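Chemist:
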Amino acid sequence: MNSTKEQLKDKLQQALVAAFGTEYIGVDPILVPASNPKFGDYQANVALSLAKRLGQQPRAIAQQIVDKLDISDLCKPPEVAGPGFINLKLQTEYLEAQLNAIQADPRLGVAKAKTSKREIVDFSSPNIAKEMHVGHLRSTIIGDCIARILEFQGHDVLRLNHVGDWGTQFGMLIAYLREVYPEALTTANALDIGDLVAFYRQAKVRFDADAAFQEAARQEVVRLQAGAEDTLHAWKLLVEQSRREFQVIYDLLDVHLVERGESFYNPLLPQVVEDLDKAGLLVEDQGAKVVFLEGFTNKEGEPLPLIVQKSDGGYNYATTDLAAIRYRIEQDHAKRIIYVTDAGQSNHFAGVLQVARRAGWIGDDVELIHVPFGLVLGEDGKKFKTRSGDTVRLRDLLDEAIARARTDLETRLEAEGREETEEFKARVAQVVGIDAVKYADLSQNRTSDYVFSYDRMLSLKGNTAPYMLYAYVRTQGISREGNIDYEQLGADAKILLREDTELTLAKHLLQLDEVIADVEQDLMPHRLCEYLYQLSDKFNKFYENCPVLKSEEPVRTSRLVLCNLTARTLKLGLSLLGLQVLERM
Ligand code: ARG
Numbered sequence: 001m002n003s004t005k006e007q008l009k010d011k012l013q014q015a016l017v018a019a020f021g022t023e024y025i026g027v028d029p030i031l032v033p034a035s036n037p038k039f040g041d042y043q044a045n046v047a048l049s050l051a052k053r054l055g056q057q058p059r060a061i062a063q064q065i066v067d068k069l070d071i072s073d074l075c076k077p078p079e080v081a082g083p084g085f086i087n088l089k090l091q092t093e094y095l096e097a098q099l100n101a102i103q104a105d106p107r108l109g110v111a112k113a114k115t116s117k118r119e120i121v122d123f124s125s126p127n128i129a130k131e132m133h134v135g136h137l138r139s140t141i142i143g144d145c146i147a148r149i150l151e152f153q154g155h156d157v158l159r160l161n162h163v164g165d166w167g168t169q170f171g172m173l174i175a176y177l178r179e180v181y182p183e184a185l186t187t188a189n190a191l192d193i194g195d196l197v198a199f200y201r202q203a204k205v206r207f208d209a210d211a212a213f214q215e216a217a218r219q220e221v222v223r224l225q226a227g228a229e230d231t232l233h234a235w236k237l238l239v240e241q242s243r244r245e246f247q248v249i250y251d252l253l254d255v256h257l258v259e260r261g262e263s264f265y266n267p268l269l270p271q272v273v274e275d276l277d278k279a280g281l282l283v284e285d286q287g288a289k290v291v292f293l294e295g296f297t298n299k300e301g302e303p304l305p306l307i308v309q310k311s312d313g314g315y316n317y318a319t320t321d322l323a324a325i326r327y328r329i330e331q332d333h334a335k336r337i338i339y340v341t342d343a344g345q346s347n348h349f350a351g352v353l354q355v356a357r358r359a360g361w362i363g364d365d366v367e368l369i370h371v372p373f374g375l376v377l378g379e380d381g382k383k384f385k386t387r388s389g390d391t392v393r394l395r396d397l398l399d400e401a402i403a404r405a406r407t408d409l410e411t412r413l414e415a416e417g418r419e420e421t422e423e424f425k426a427r428v429a430q431v432v433g434i435d436a437v438k439y440a441d442l443s444q445n446r447t448s449d450y451v452f453s454y455d456r457m458l459s460l461k462g463n464t465a466p467y468m469l470y471a472y473v474r475t476q477g478i479s480r481e482g483n484i485d486y487e488q489l490g491a492d493a494k495i496l497l498r499e500d501t502e503l504t505l506a507k508h509l510l511q512l513d514e515v516i517a518d519v520e521q522d523l524m525p526h527r528l529c530e531y532l533y534q535l536s537d538k539f540n541k542f543y544e545n546c547p548v549l550k551s552e553e554p555v556r557t558s559r560l561v562l563c564n565l566t567a568r569t570l571k572l573g574l575s576l577l578g579l580q581v582l583e584r585m
């Protein structure tokens with residue numbers, strides 16, 4: 001099923017051609033949702049941009065389009081307005097028919113993408129033995145949401161965890177491991193070396209203080225590169241330990257990833273440098289091998305280099321990303337690669353993508369996109385830290401959200417004089433806590449910084465997860481109260497839209513497909529959040545104005561269908577954000 005917007009655009013296009021000739025085929029009739037109900041539901045802006053080309057007044061152009069416009073099956077008679085807009089107002093019968101159609105559709109009228117693409121979402125990607133910090137949390141939440149939406153649209157999505165599991169820091173860690181847990185280098189058994197982050201700190205202290213240790217660390221890097229058995233064994237042990245710690249977070253968040261860390265591309269790095277040389281892009285600069293970037297200069301106006309091999313022969317983060325681009329295009333056949341990292345890496349990606357493009361590694365049919373996001377700030381507006389100034393451990397952050405959700409719940413239960421089982425309380429706290437953290441992140445325009453506030457994200461008011469969950473619970477409460485099985489309402493249930501709040505809700509329900517198409521395109525999850533927030537709000541207004549269970553047939557059934565469609569839309573939309581719903585809370 002084509003979305004209403006697409007149908008209207010097609011018809012506007014046809015009218016344009018009918019009025020002015022075939023050379024207007026392909027001219028995009030800009031159509032936006034009306035900013036004010038006064039202007040109808042949609043406003044087309046075709047005439048203004050054509051005034052010059054046609055040498056006519058925009059209003060006259062708009063009138064000629066309207067004269068050829070055949071949309072009586074969708075809209076009331078269109079009107080020319082203002083300087084030359086065309087106002088379109090949907091017919092009630094059309095809305096009723098559309099609602100009937102989406103009711104019978106498990107996808108609620110959202111068509112799959114016309115062609116399914118192989119897409120890679122590179123997200124989360126923490127670094128081994130270093131803190132998995134709030135930046136990685138944002139990447140995990142946003143990346144998961146993008147992957148879910150692309151999957152829902154029928155794309156073949158590979159969710160890659162590009163963990164930082166390779167590099168010189170391992171020399172230091174392994175040298176330290178050799179000192180404090182010598183058995184770790186030989187034993188076949190997994191070994192628990194406790195908190196890896198603390199281990200990293202101790203190793204760093206040792207490294208900074210002792211030149212002999214630094215040399216030992218360098219030797220371990222050489223041994224690791226050469227594949228020495230005991231060093232490799234120690235490396236695996238460290239990676240394994242980190243992986244277990246990351247997995248706890250992924251389980252809590254219900255996020256799935258395929259791990260393919262930096263080490264995976266290690267054997268491919270020499271070829272990258274060689275091929276850059278063959279392509280004539282490589283330059284020796286103070287012993288390092290670099291590619292000078294076009295359009296990037298330093299303060300002195302000199303071109304900036306992208307280093308691909310350091311003077312000591314080592315490769316780096318950028319070399320690995322270049323190898324990964326080639327692998328993902330050649331072996332994974334990716335047609336779109338999406339990188340979800342903080343905005344601080346924008347220059348890195350711009351540089352890497354430029355070099356890969358100039359080397360001819362990115363075909364015309366492949367799209368590479370960096371999806372940047374802003375910082376997480378504390379309520380004091382500074383970088384998010386614990387009271388003592390340490391980085392917040394993600395595990396603690398999520399546990400705290402769950403614990404606070406639990407306290408809120410218990411307060412509410414007491415006020416309402418309700419008794420609930422332990423199982424119920426634990427489940428509600430878990431879902432509300434995790435949903436709140438995810439939603440707080442996703443509902444912000446990702447490019448801006450966001451202030452992390454438990455109080456705000458757990459509030460029942462405003463654009464929050466609990467508000468949305470509550471609207472969903474309300475829909476389920478109606479079916480419980482009336483003993484209604486929503487599934488049994490049947491596709492033949494007739495929808496009647498009479499009240500303003502019903503019409504407003506109905507129109508909103510029918511815009512889900514447009515919103516999802518937008519997010520698929522611009523990768524901005526907050527648009528979907530905003531849509532769901534508006535939906536909850538419009539549903540609440542409808543519910544305040546229109547009795548459901550107490551009204552007479554056929555209105556009663558029609559309203560029940562509206563409740564059920566709202567519930568299904570909320571559940572689907574929230575699931576695309578990675579949020580779960582509750583039947584009661
Ligand atoms: N490990 C990196 C970090 O923590 C993020 C990796 C992002 N992905 C990539 N292909 N570079 O900053």
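In full-length UniProt numbering, the protein residues as written are 1 to 585. All C-beta atoms in this analysis are idealised placements derived from N, C-alpha and C, irrespective of residue type, glycine included. Please read these numbers as outputs of a predicted model, since none were measured by experiment.
In chain order, which continuous runs of the alpha helix (DSSP H) of length 4 or greater are located wholly inside the region 211-282?
Modeler: Here the runs fully enclosed are 211-226, 229-253 and 269-278.
Chemist: Do A405 and L460 come within 9 Å of each other at the CB atom, strictly closer than that value?
Modeler: Contact: no.
Chemist: Looking at the ligand ARG, does it come within less than 8 Å of residue 653, judged from the CB to the closest heavy atom?
Modeler: The shown model of the chain, from 1 to 585, leaves out residue 653, and the question about it has no answer.
Chemist: Hey, is G374 close to the ligand ARG, as in C-beta under 8 Å from one of its heavy atoms?
Modeler: Checking every heavy atom of the ligand ARG against the Cβ of G374, none is found closer than 8 Å.
Chemist: Relative to the ligand ARG, is the shortest distance from any of its heavy atoms to the C-beta of Q354 smaller than 8 Å?
Modeler: No, since every heavy atom of the ligand ARG falls outside the 8 Å radius drawn around the Cβ of Q354.
Chemist: Strictly by DSSP, which residues pair up with A517?
Modeler: Its beta-bridge partners do not exist; DSSP assigns none.
Chemist: According to the neighbour-count rule (16 or more other Cβ atoms, all chains shown, within 10 Å of its Cβ), is G433 buried or exposed?
Modeler: G433 should be labelled buried.
Chemist: Pull up the DSSP beta-bridge partners for R336, would you.
Modeler: Answer by DSSP bridge pairing, in chain order: E119 and E367.
Chemist: Are the Cβ atoms of V371 and T341 separated by less than 9 Å?
Modeler: Result yes, Cβ atoms of V371 and T341 sit closer than 9 Å.
Chemist: Three or more beta-carbon pairs under 8 Å between the region 313-332 and the region 231-250, yes or no?
Modeler: At 8 Å Cβ cutoff, the stretches do not touch.
Chemist: Could you tell me if the beta carbon of A324 falls within a distance shorter than 8 Å of some heavy atom in the ligand ARG?
Modeler: Checking the Cβ of A324 against the ligand ARG gives yes.
Chemist: Comparing the CB of Q345 with every heavy atom of the ligand ARG, is any distance shorter than 8 Å?
Modeler: The answer is yes for Q345.
Chemist: Any chance the region 124-141 sits against the region 94-112, with 3 or more Cβ pairs inside 8 Å?
Modeler: The region 124-141 vs the region 94-112: no contact.
Chemist: Does the ligand ARG have a heavy atom nearer than 8 Å to the CB of H348?
Modeler: Within the cutoff, so yes.
Chemist: Use the C-beta contact count for K9: other C-beta atoms within 10 angstroms, 16 or more gives buried, fewer gives exposed.
Modeler: Classification for K9: buried.
Chemist: Verify the contact flag: T341, CB atom, against every heavy atom of the ligand ARG, threshold strictly below 8 Å.
Modeler: Because some heavy atom of the ligand ARG lies under 8 Å away, the Cβ of T341 counts as near it: yes.
Chemist: Thinking C-beta only, is Y450 closer than 9 Å to L377?
Modeler: Cβ distance < 9 Å, so L377 and Y450 count as in contact.
Chemist: How big is the Cα-Cα spacing for I338 and V205?
Modeler: Those two C-alpha atoms are separated by around 37 Å.
Chemist: Let's see if you can read the secondary structure: which residues bound the beta strand (DSSP E) around Q444?
Modeler: No beta strand (DSSP E) contains Q444, which DSSP labels as neither H nor E.
Chemist: Could you give the distance in angstroms between the alpha-carbon of A34 and the alpha-carbon of Q43?
Modeler: The alpha-carbon atoms of A34 and Q43 are separated by roughly 5 Å.
Chemist: What are the start and end residues of the alpha helix (DSSP H) that includes V27?
Modeler: Where V27 is concerned, there is no enclosing alpha helix (DSSP H), given that its DSSP letter is neither H nor E.
Chemist: Which whole runs of the beta strand (DSSP E) in the UniProt domain "Arginyl tRNA synthetase N-terminal" (6-90) are 3 residues long or more, in chain order?
Modeler: 30-33, 42-45, 79-81 and 85-88, all fully within the UniProt domain "Arginyl tRNA synthetase N-terminal" (6-90).
Chemist: Just how far apart, CA to CA, sit L532 and A51?
Modeler: Cα-Cα distance, rounded: 38 Å.
Chemist: With R159 and L257 assumed to form a contact (beta carbons below 8 Å), what rounded beta-carbon distance in angstroms separates them?
Modeler: About 5 Å separates the two Cβ atoms, so the contact holds.
Chemist: Taking the alpha-carbon of P182 as reference, which of Q169, S125 and D230 has the nearest alpha-carbon?
Modeler: Nearest C-alpha to P182: D230.
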